[in-house]
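Some notes on the structure that comes next.
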C-alpha cells in the first residue's frame, strides 16, 4: 500500500474541518476536540485496511471519533464520579432576555445534555445526517436516535427556560427591578 | 393531552401577554425617563420589540397549559436548530490546523517508506 495511501490522505484532510466541527459540537472545547480529531485520524489511518472503498468515509471517521469520545467519557466518569450530577444542578440557564437564545447559554445547555442525546442532536441537527446515518454512526436503532433527538430538544427547551411550562425565569426578577427602580426613581 | 387545543389556546394568550410586555416596558421606560435613564430596561424593551423574538417573549410569562410530550413551539425548535447548525458550520469553516496537515503528511510518508 504505497502510493495508494495518497488519495486516502487527501480525502481525510478534506474531512478534517467536518471532524473538528463534530468534535467541538460534542465536547464544547476546541483543545479537547482537536485531540479527539488527532486520535481519530491516527486510528483511522492504522485501520484503513478495514475501510471499504465506496463506503462513506465521512460516516466512518465520525464513527471512530464518537467511539473515541464515548470511551473517554466513560473513563472520565470513573475518575470524577459526581461530575454529571453537580453539573446538572449548577445549570439553570435563564437567558437575559426572555425568549432570546444567546449562543453562550445555548452552549451551556447543550453541554449539560446526556452525551448520547447531545450526539444524536449534533449528528442530525448539526452535521445534517439522516436518522438512518446517525443510527449507523452511533451503532443503535433509528428509533433510538429519534427518541434521543426528541428528548434532547425538550431538555434544551427546559434548560433554557423557554418552555411555557416554566413559571420561573428572569421575568419576575426583572419586574422586581423595574418596580423597585421605578419607585425609587419617582421619589 | 390535547395538543391542538393547547396550541390554539396559546395564540390569543401570547398576543395578550406580548401587549402586556410592551405596555409595561413602555410605561416604565416613560416613568423612568423623567428622572434617570434605566439602561437595562431600555435594552430589554428593545429586545422585546424584535419581531423574530415575538413568539417566545411571551412564553415564559404564561402559566401555560401542560404541553409536555406535545409539540414544542416551532419557533423555539427553529432557534435550537439554527444554533446547532451555527456551531457546526462555524468550526467547519475554519482552515485545517497545521498539526493535522503535518500529521497526515507524516503518516503518508511513513506508509510510502515501508
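Chains as they are written, first to last, in our numbering: chain A, 1 to 187; chain B, 188 to 301.
Where is the CB? At the ideal position from N, CA and C, for every residue including glycine.
Taking 8 Å as the upper bound for CB-CB distance, residue 114 of chain A and residue 70 of chain A are not in contact here, some 11 Å apart. In the structure shown, residue 47 of chain A falls within a coil segment according to DSSP collapsed to helix, strand and coil. Minimum Cα-Cα distance from residue 64 of chain A among the listed residues A:142, A:29, A:136 and A:147 corresponds to A:136. With respect to chain A, the C-beta atom of residue 279 of chain B has a partner C-beta closer than 8 Å. Looking at the backbone, the Cα of residue 9 of chain A and that of residue 289 of chain B are separated by about 11 Å. Flagged as an interface residue toward chain A: residue 298 of chain B, by a C-beta distance shorter than 8 Å.
Here the alpha carbons of residue 53 of chain A and residue 149 of chain A stand approximately 31 Å from one another. Annotated as distal: residue 14 of chain A and residue 34 of chain A, with beta-carbon spacing of 8 Å or more. Along the segment 110-128 of chain A, the positions whose C-beta sits under 7 Å from a C-beta of chain B are 121, 122, 125, 126 and 127, read in chain order.
Residue 262 of chain B sits in a helix when the DSSP states are folded into three classes. Linking residue 16 of chain A to residue 146 of chain A through their CA atoms gives a straight-line distance of about 27 Å. Taking a Cβ-Cβ threshold of 7 Å, the residues of chain B close to residue 45 of chain A are 294, in chain order. Contact between residue 275 of chain B and residue 28 of chain A does not hold, since the beta-carbon distance rounds to 12 Å and is not under 8 Å.
Within chain B, no C-beta atom comes nearer than 8 Å to that of residue 142 of chain A; the closest sits roughly 19 Å away. Taking a 10 Å sphere around the C-beta of residue 293 of chain B, we find fewer than 16 other C-beta atoms and assign the residue as exposed.
Put simply, the CB of residue 20 of chain A is near chain B, with a gap under 8 Å to one of its CB atoms. Closest in alpha carbon position to residue 41 of chain A, among B:291, B:283, B:297 and B:278, is B:291. When the Cα atoms are used, residue 263 of chain B and residue 128 of chain A turn out to be separated by approximately 19 Å.
If you draw a straight line from the Cα of residue 31 of chain A to the Cα of residue 261 of chain B, it comes to about 34 Å. Per DSSP, reduced to three states, the secondary structure at residue 140 of chain A is coil, with no helix or strand assignment.
Here DSSP, grouped into helix, strand and coil, assigns residue 130 of chain A to coil.
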